[in-house]
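Using our numbering, you'd call the opening residue of the sequence shown number 25 and step up by one each time. Worksheet: one structure, shown below.
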Amino acid sequence: MVRGELGNEFAIASGGFIFIGTDNAGEDELWRFYNMVRGRDYIHLSLLRSMRYYLGRFNITIQTVQAVMNGMKMLLRDLAADGHILGYTVNFSAAKNSSDEIRMGHLTVGFKAEEAAPLRKLTIESARYREAVDAMIAELAAQMQLQG
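What follows is the structure in structure tokens.
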């Protein structure tokens, strides 16, 4: 919670309090931020909605596997283009898709994606710049020599 201040242009708000929250109450540091957890939930729900189209309608063929993977890639590509994820990969592993699994109608594909972390801390370092004074002195000296 950050308190706002009336009449202060440098305050975070003009009055009242502003909640600046990024963390959830979970114990896993890898999933600390709300936007990461909610982003992954969004990806899972979007994939469920789009992939259920294939269930019971298509046979497992090379084209079907490619279509499923292309659908996953399109969703993740759009999320990356909008800055919600930093990058992704979609994969098919032969080790996870045995002949017996395929014959039973089971297909396993996977993806990896990295959700973007929120900006929580911004450090701005400030220092004097003596080189600017030295450059000004050198420029003045050069101008005086030309005039002199």
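We put the CB at the ideal spot given by N, CA and C, even for glycine.
By alpha-carbon positions, which one of the options ends up nearest to residue i?
i: A118; options: A165, H108, H130, Y112; result: H130
i: V61; options: Q167, N48, V114; result: N48
i: A137; options: A165, W55, L100; result: L100
i: N94; options: G80, S74, L79, R64; result: S74
i: G107; options: Y58, Q90, G63; result: G63
i: Y58; options: D65, T46, L69; result: T46
Classify residue i: buried if its beta carbon has 16 or more other beta carbons within 10 angstroms, exposed otherwise.
i: V157; result: exposed
i: I67; result: buried
i: L146; result: exposed
i: A105; result: exposed
i: F82; result: exposed
i: E139; result: buried
I need the straight-line Cα distance from residue i to residue j, nearest angstrom please.
i: L110; j: A141; result: 9 Å
i: N121; j: R127; result: 10 Å
i: S123; j: L103; result: 33 Å
i: A159; j: E149; result: 22 Å
i: G80; j: I86; result: 16 Å
i: I84; j: L143; result: 43 Å
Starting from the C-beta of residue i, find all residues in its chain whose C-beta is less than 6 Å away, skip the five residues before and the five after it, and write them out in chain order.
i: M96; result: V114, F135
i: S70; result: L99
Could you give the residue range of the beta strand (DSSP E) that holds residue i?
i: E149; result: Per DSSP, E149 belongs to no beta strand (DSSP E) and is neither H nor E.
i: G111; result: 109-116
Near residue i, what residues of its chain come up, given a Cβ to Cβ distance below 7 Å and the 5 sequence neighbours on each side ignored?
i: I161; result: none
i: Y112; result: L100, A104, F135, K136, A137
In terms of residues, what are the limits of the alpha helix (DSSP H) holding residue i?
i: N59; result: 58-75
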